[in-house]
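*Asks:* In case it helps, this note's numbering puts the sequence shown at residues 1 to 428.
All C-beta atoms in this analysis are idealised placements derived from N, C-alpha and C, irrespective of residue type, glycine included.
The structure presented is a predicted model; accordingly, all values stated were derived computationally and were not measured.
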Amino acid sequence: MDLMEKITSLAKRRGFIFPGSEIYGGIQGFWDYGPLGVELKNNIKHEWWRTMVYNRNDVVGIDASIIMNPEVWKASGHLDSFTDPLVECKVCHQRVRADNKEAIEEHKESHKDEIIEWTESKLFNLMTEVFLGVTEPKQKAYLRGEITQGVFVNFQNIVYSTRIKIPFGIAQIGKAFRNEITPGNFTFRSREFEQMELEYFIKPEEKEVERVFEYWKEQRMNWYVGLGIKKVNLRFREHAVSEKAHYARKAEDIEYKSSFGWKEFEGVHYRGDWDLSRHKLIYKDPKTGEEYTPWVIETSGGVDRSLLFFLIDAYSEDKDRKILKLHPKLSPYKLAVFPLLANNKKLVEKARKIFAELRRNFYVAWDDRGNIGKRYFSQDEIGTPWCVTIDFQTLDDNTVTVRDRDTTRQERVSVDNLENYFHNKLVG
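1. Where does Gln-410 fall in DSSP's three states?
2. Could you give the first and the last residue of the continuous alpha helix (DSSP H) run that contains Met-1?
3. Starting from Leu-335, follow the beta strand (DSSP E) in both directions and report where the run begins and ends.
4. Which of the three DSSP states is assigned to Leu-36 in this structure?
5. Taking 8 Å as the cut-off, decide whether the C-beta atoms of Glu-88 and Arg-97 are in contact.
6. Three-state secondary structure (DSSP) at Asp-253?
7. For Ile-166 versus Met-196, is the C-beta spacing smaller than 8 Å?
8. With Tyr-54 as the anchor, note down where its alpha helix (DSSP H) starts and where it stops.
9. In chain order, what residues of the same chain have a beta carbon less than 8 Å from the beta carbon of Arg-278, not counting five sequence neighbours either side?
10. With 16 as the cutoff for other CB atoms within 10 Å, does Trp-73 come out buried or exposed?
11. Whole beta strand (DSSP E) runs in the region 187-255 with 3 or more residues, listed along the chain?
12. Thinking C-beta only, is Leu-426 closer than 8 Å to Lys-322?
13. If we count Cβ pairs, one from each stretch, closer than 8 Å, do we get three or more for the region 280-291 versus the region 304-311?
14. Name the two residues that bound the continuous beta strand (DSSP E) containing Arg-403.
15. Determine which residues share a DSSP beta bridge with Ser-300 and list them.
16. Kindly list the residues whose CB is nearer than 7 Å to the CB of Lys-217, restricted to its own chain and excluding five residues on each side of it in sequence; keep chain order.
17. According to DSSP, is Arg-359 part of a helix, a strand, or is it coil?
18. Taking only three categories from DSSP, how would you classify Pro-70?
19. Could you please give me the residues that DSSP links to Ala-342 through a beta bridge?
20. Since Pro-85 contacts Leu-126 with CB under 8 Å, what's their CB separation in whole angstroms?
21. Using 8 Å as the threshold, is the C-beta distance between Tyr-270 and Arg-249 below it?
22. Whose C-alpha, out of Glu-5, Thr-135 and Glu-419, is nearest the C-alpha of Phe-355?
23. Which residues does DSSP list as the beta-bridge partners of Pro-328?
24. What does the alpha-carbon distance come out to for the pair Glu-194 and Ala-176?
25. On the criterion of 16 or more Cβ atoms from any shown chain inside 10 Å, does Phe-201 qualify as buried, or is it exposed?
26. Who are the near neighbours of Phe-155 in its chain, counting only those whose CB is closer than 7 Å to its CB and skipping five residues on each side?
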């Protein structure tokens, strides 16, 4: 079993990720996040928001609507330029991305000995259409193909309501939809996904572009490394001219070295004044009265892709146990509490009391199934950093055993000091 098969199996078995509407055969490119998956996903988003908004004085947040006036997408260029090249199999008429060699080879293999012929490559728009209203003709609109435009169309509202001054950023996390023709590699390429983006506005000066661009490259790389992804598995790759999106003057991707190749999961883009100028929006300096169209440096990361790569990078095996060495800030459960014996009333009562106290400030698992060794291994597999065991010594001196997931080292900690102990561990 290769690594991706192990991750896919673990994700379903332990409640991280399920195929969407699986009981009806599923639907390609859509995934549901289970009890542990939604916690991991929320923790990633929380850490991103804390870093990008709460810890900065020059960034504010927004949550824009998924469906906007279709004129937004016409002005932004997405209706004309948001496309992928496709070829169609003349045997079964299935369409495949012309630039996806892996998908083309897989399709050839599915036909075994048949001779495959392909149509000429044609451009296919990725925008997903929706129809609004209860009477015909219904109004055609689109599920947003990126969350970015919600920031730009609210640019003036944000400036007027917050009085924030350039340079500044607007952050957003939200769902986007793309009519991907060949979803694949688990959640890597999906039709519904979540983005976390920052649009950072600067004065239209060339000297600022390179400085701000390099600054955000460093910030974003450090964020992933700081949350546990091994630096050796990360790199920047600059887009070739032919790869650039219609809005991009410059673009570099953070890529992860996965089992299916180096794959992008966050981009840093210099968008220039493409978006604001298309929407005919300007900025007026409150001190000088100068009016201009700001330039934009964007950081755009995929929540789902980040989650997938955090899982892959954290996965390891040690003798009989599987371990998710997730950073404690990302781990679904921060702690697990065990009574040494599930049938001892005093131990269970003491453990329940400690569990109730700790869960006021931490997301805590309770586990009293099987022997203590199996409980440890079970928590290791879902990434719980620390396990707290209430044993007979606890009843005598009010201390518990705290076991570390990664090292398996154990130490005695006073019950009265547990909250501070774990708070310091998480902050550190």
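*Replies:* The short version:
1. Counting from 1 along the sequence shown, the entry for residue 410 is found at position 410. In this structure, Gln-410 counts as strand in the three-state DSSP scheme.
2. Walking along the sequence shown from the start, residue 1 turns up at place 1. Per DSSP, Met-1 lies in no alpha helix (DSSP H) segment and is marked neither H nor E.
3. Working through the sequence shown from its first residue, we reach residue 335 at position 335. Unbroken beta strand (DSSP E) run through Leu-335: 335-339.
4. For the purposes of this step, residue 36 is taken as the residue at position 36 of the sequence shown. DSSP places Leu-36 in helix when its eight states are reduced to three.
5. Locating residue 88 in the sequence shown gives position 88, where the first residue counts as 1. Locating residue 97 in the sequence shown gives position 97, where the first residue counts as 1. No, the pair does not count as a contact, with Cβ atoms beyond the cut-off.
6. Position 253 of the sequence shown, counting from 1, holds the residue named residue 253. Three-state result, Asp-253: strand.
7. Position 166 of the sequence shown holds residue 166. Position 196 of the sequence shown holds residue 196. Taking 8 Å as the Cβ cut-off, Ile-166 and Met-196 do not qualify as a contacting pair.
8. On the sequence shown, position 54 is the one that residue 54 refers to. Taken as a continuous stretch (DSSP letters only), Tyr-54 belongs to no alpha helix (DSSP H), as it is neither H nor E.
9. In the sequence shown, counting from the first residue as 1, residue 278 sits at position 278. Within the same chain, Arg-278 has close Cβ partners Ala-75, Ser-76 and Gly-77.
10. Residue mapping note: residue 73 aligns to position 73 of the sequence shown, counting from 1. Buried: at least 16 other Cβ atoms inside 10 Å.
11. Taking only runs of at least 3 residues, the beta strand (DSSP E) segments lying wholly in the region 187-255 are 192-202 and 234-238.
12. Here residue 322 refers to the residue found at position 322 when the sequence shown is read from its first residue. Here residue 426 refers to the residue found at position 426 when the sequence shown is read from its first residue. Judged by beta-carbon spacing, Leu-426 lies beyond the 8 Å limit of Lys-322, meaning their Cβ atoms are not closer than that value.
13. No, they do not touch.
14. The count along the sequence shown starts at 1 and reaches residue 403 at position 403. Run containing Arg-403: 399-404, per the beta strand (DSSP E) assignment.
15. Walking along the sequence shown from the start, residue 300 turns up at place 300. As a beta-bridge residue in DSSP terms, Ser-300 pairs with Glu-197 and Gly-267.
16. Residue mapping note: residue 217 aligns to position 217 of the sequence shown, counting from 1. Taken in chain order, the residues that qualify are Phe-236, Glu-252 and Val-268.
17. The count along the sequence shown starts at 1 and reaches residue 359 at position 359. Here Arg-359 sits in coil by DSSP.
18. Along the sequence shown, read from residue 1 onward, the residue named residue 70 stands at position 70. Look at Pro-70 here: in three-state DSSP terms it is helix.
19. In the sequence shown, residue 342 corresponds to position 342, counting from 1. Ala-342 is not bridged to any residue.
20. To locate residue 85, count along the sequence shown from 1; it is residue 85. To locate residue 126, count along the sequence shown from 1; it is residue 126. Incorrect: roughly 11 Å between the Cβ atoms, too far for contact.
21. Here residue 270 refers to the residue found at position 270 of the sequence shown. Here residue 249 refers to the residue found at position 249 of the sequence shown. In contact: Tyr-270 and Arg-249 (Cβ atoms closer than 8 Å).
22. Locating residue 355 in the sequence shown gives position 355, where the first residue counts as 1. Comparing Cα positions, the closest option is Glu-419.
23. By 1-based counting over the sequence shown, the position of residue 328 is 328. In DSSP, Pro-328 forms no bridge with anything.
24. Position 194 of the sequence shown, counting from 1, holds the residue named residue 194. Position 176 of the sequence shown, counting from 1, holds the residue named residue 176. Distance between the alpha carbons of Glu-194 and Ala-176: 6 Å.
25. Numbered from 1 along the sequence shown, position 201 holds the residue referred to as residue 201. Counting Cβ neighbours within 10 Å, Phe-201 comes out buried, since at least 16 surround it.
26. Along the sequence shown, one-based indexing puts residue 155 at 155. Excluding residues within five positions, the ones whose Cβ falls inside 7 Å are Leu-276 and Leu-281.
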